[in-house]
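Notes for the one structure printed next.
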Amino acid sequence: MDAERMLQRKSDSSQPATAIGFDTLFDLLERVERIGHQASGFHDWLRHFMKVVCDFTGWKLGHAWAPCADNPEELSSIKIWYIQQGVHVESFKAKTETLRFKSGIGLPGRVHEKKKCDWIFDVIEDDNYPRKPFAKEGGLKGGYGCPVFLMGEVAAVIEFYDDRPADPDPLLIRLLEYLGTQVAPVLERSRAAQRRSELAQDLETMFSRCVEDISDAAQRVRQIAETVSKLSDDARTNSRSSSEASAQSSHQVRDVSDATGEFLTTIDEIQGELAGTRSTVSTATDRIVAAKGTFESLKAGAQEIEGIVEIINKIAEKTKLLSLNATIEASRAGEMGAGFAVVASEVKELAAQTEQSTNDIAQRVHEIQAFATEALQEFEAISGTISRISDLTTTISSSMDAQQQRGQTISENANAADEQSQQASSTVKDVVRQLAEINDNASEVFQTACEFAERIQKLQGEVSGFVTEIRRS
1237 MDAERMLQRK SDSSQPATAI GFDTLFDLLE RVERIGHQAS GFHDWLRHFM
1287 KVVCDFTGWK LGHAWAPCAD NPEELSSIKI WYIQQGVHVE SFKAKTETLR
1337 FKSGIGLPGR VHEKKKCDWI FDVIEDDNYP RKPFAKEGGL KGGYGCPVFL
1387 MGEVAAVIEF YDDRPADPDP LLIRLLEYLG TQVAPVLERS RAAQRRSELA
1437 QDLETMFSRC VEDISDAAQR VRQIAETVSK LSDDARTNSR SSSEASAQSS
1487 HQVRDVSDAT GEFLTTIDEI QGELAGTRST VSTATDRIVA AKGTFESLKA
1537 GAQEIEGIVE IINKIAEKTK LLSLNATIEA SRAGEMGAGF AVVASEVKEL
1587 AAQTEQSTND IAQRVHEIQA FATEALQEFE AISGTISRIS DLTTTISSSM
1637 DAQQQRGQTI SENANAADEQ SQQASSTVKD VVRQLAEIND NASEVFQTAC
1687 EFAERIQKLQ GEVSGFVTEI RRS
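Heads up: the sequence shown at position 69 corresponds to 1305 in the numbering used here, and the numbers run straight through without jumps.
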């Protein structure tokens, strides 16, 4: 066995203070091989591997690094740790998970560069160890690094730390290097399990989609069958009603024919009434025109009166002026002009009365003019209304002519409809018979769809069980 030959080689390094026996190393080898068979994946293997090594050596913690996806020459934490109980390295852990190490830098970078195990006697004293303050705070001293290989390349670097300076056993270092090459079967098994899981998921998704589509189709078929059955029942009921209605419609068609004759007679009477209405409207129009002329003459006469009133007002003004002059002259004449003053006073009073009367007349004339103007506007509106009535009577008369023609057409169609109703009654009876056959077929389709849906549900359960078994394997 390669592992046995490897363990039997003599190391070039100096022996540690306390050598580890072969039996103990074989026990470690068996435990690592066991977790290789039990691990569910690469990360799970790393976690268990660190625990086994720490338990075996007494080291305080283990942590895993991996090449960065954007730069394989740099390492970053994959945040997989194993920390012994009672060890407090919170600051060290937090800082570690934020760092990236280039190949050759720090303990993990040195292991990545050399592609073999390496160690640091005391990380606090080492110049190529960037995490000194945090390691010191956590009480860490000795550091050990182990590469994990996959297809000849470093897939991960595991670092271990102890609170004692590093004192590695050469056989242990060789065993760790050997164990770091044995992860390929674990990863391949993990990938195979992942592929099986993905295939099972795809199969389940595809089958679930197919089952869903088929179930939906079966449900639609069932709904269609129910709808067809209901429609056929309704149609049969309606068809029976139609058969009875056909007989009634024949009588009703005859009634329509009789009513059409009465309708035509009524149209003739309406046309006679419309002729009388047109004559009355024409007479009203003539009277409106005559009344309009009378009010226009009244308006003109009022305007003439207004002119005469204005003349009288001017005469009254002059009379008032003359009476004022006469009063002044009578005052100058003294007693000899006393009688003349009385006459001037009366003339002045008459002039004032004349002015008041002419103002009243002017007010009345203005009111007459306003009434005449309003009356003329009303006559214009009435004339327009009568004109529209005349147009409407003409339109109605034309419509009555058209209705008369339609009535004659209805009468002719009613006779034809009577014959067609009798034919429809015979056809409806045939439809009722055919609908009964459709209803029977729809019932069979409905039953088949129900059975099909049940079988699909059963098949879905069987496939789900099959997929579960695939995932477990």
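A virtual CB, placed ideally from N, CA and C, is assigned to each residue, including glycine. Just so it is clear, the structure is predicted and the values come from calculations on it, not from any experiment.
Identity of the residue in the options nearest residue i by Cα
i: residue 1333; options: 1354, 1367, 1351; result: 1367
i: residue 1393; options: 1674, 1404, 1380, 1602; result: 1380
i: residue 1384; options: 1659, 1412, 1402, 1656; result: 1412
i: residue 1498; options: 1609, 1644, 1356; result: 1644
i: residue 1291; options: 1630, 1318, 1313, 1306; result: 1318
i: residue 1630; options: 1602, 1337, 1335, 1509; result: 1509
i: residue 1582; options: 1269, 1556, 1434, 1567; result: 1556
i: residue 1547; options: 1327, 1598, 1676; result: 1598
i: residue 1713; options: 1680, 1687, 1672; result: This structure cannot settle anything about residue 1713, because the visible part of the chain is limited to 1237 through 1709.
i: residue 1359; options: 1463, 1283, 1342; result: 1342
i: residue 1419; options: 1603, 1284, 1596, 1530; result: 1284
i: residue 1560; options: 1312, 1699, 1577; result: 1577
i: residue 1282; options: 1662, 1606, 1382; result: 1382
i: residue 1307; options: 1656, 1614, 1330, 1336; result: 1336
i: residue 1352; options: 1563, 1632, 1417, 1670; result: 1417
i: residue 1704; options: 1452, 1606, 1438; result: 1438
i: residue 1634; options: 1271, 1506, 1409; result: 1506
i: residue 1679; options: 1529, 1463, 1596, 1354; result: 1463
i: residue 1540; options: 1602, 1314, 1632; result: 1602
For residue j and residue i, the rounded distance between their alpha carbons
i: residue 1612; j: residue 1600; result: 18 Å
i: residue 1518; j: residue 1525; result: 11 Å
i: residue 1390; j: residue 1288; result: 21 Å
i: residue 1252; j: residue 1434; result: With a pLDDT of 44 at residue 1252, under the threshold of 50, the modelled position of that residue is not reliable, and no figure is offered here.
i: residue 1627; j: residue 1608; result: 28 Å
i: residue 1266; j: residue 1258; result: 12 Å
i: residue 1280; j: residue 1321; result: 20 Å
i: residue 1651; j: residue 1659; result: 13 Å
i: residue 1450; j: residue 1388; result: 50 Å
i: residue 1268; j: residue 1415; result: 8 Å
i: residue 1303; j: residue 1345; result: 10 Å
i: residue 1666; j: residue 1656; result: 16 Å
i: residue 1441; j: residue 1403; result: 55 Å
i: residue 1275; j: residue 1687; result: 46 Å
i: residue 1527; j: residue 1596; result: 27 Å
i: residue 1684; j: residue 1466; result: 17 Å
i: residue 1700; j: residue 1669; result: 48 Å
i: residue 1354; j: residue 1286; result: 16 Å
i: residue 1690; j: residue 1432; result: 29 Å
i: residue 1448; j: residue 1278; result: 37 Å
i: residue 1698; j: residue 1444; result: 12 Å
i: residue 1558; j: residue 1566; result: 12 Å
i: residue 1720; j: residue 1487; result: Limits of the chain in this structure are 1237 at one end and 1709 at the other, which puts residue 1720 out of reach.
Which of helix, strand or coil DSSP assigns to residue i
i: residue 1618; result: helix
i: residue 1716; result: One cannot answer for residue 1716 here, as it falls past the ends of the chain, which runs 1237 to 1709.
i: residue 1308; result: coil
i: residue 1341; result: coil
i: residue 1313; result: strand
i: residue 1414; result: helix
i: residue 1386; result: strand
i: residue 1322; result: coil
i: residue 1400; result: coil
i: residue 1374; result: coil
i: residue 1393; result: strand
i: residue 1275; result: coil
i: residue 1303; result: strand
7 Å Cβ cutoff met for residue i and residue j
i: residue 1405; j: residue 1296; result: no
i: residue 1513; j: residue 1552; result: no
i: residue 1401; j: residue 1377; result: yes
i: residue 1300; j: residue 1316; result: yes
i: residue 1310; j: residue 1338; result: yes
i: residue 1396; j: residue 1298; result: yes
i: residue 1641; j: residue 1503; result: no
i: residue 1261; j: residue 1407; result: yes
i: residue 1622; j: residue 1516; result: no
i: residue 1580; j: residue 1563; result: yes
i: residue 1340; j: residue 1326; result: no
i: residue 1604; j: residue 1538; result: yes
Close-in-space but distant-in-sequence residues of the same chain around residue i (CB under 8 Å, 5 per side omitted)
i: residue 1586; result: 1555
i: residue 1328; result: 1367, 1370, 1371, 1373, 1374, 1376
i: residue 1531; result: 1608, 1611, 1612, 1615
i: residue 1331; result: 1367, 1370
7 Å Cβ cutoff, residue i in contact with chain D
i: residue 1410; result: The chain inventory of the structure shown lacks chain D, comprising one protein chain alone.
Chain-order list of residues whose beta-carbon lies under 7 Å from that of residue i (same chain, five-residue window excluded)
i: residue 1263; result: none
i: residue 1594; result: 1545, 1548, 1549, 1552
Same chain, Cβ closer than 6 Å to residue i, neighbours up to 5 away in sequence not counted
i: residue 1693; result: none
Residue i beta carbon near the ligand ZN (any heavy atom closer than 6 Å)
i: residue 1578; result: Absence of the ligand ZN is noted for the structure shown, with no ligands found whatsoever.
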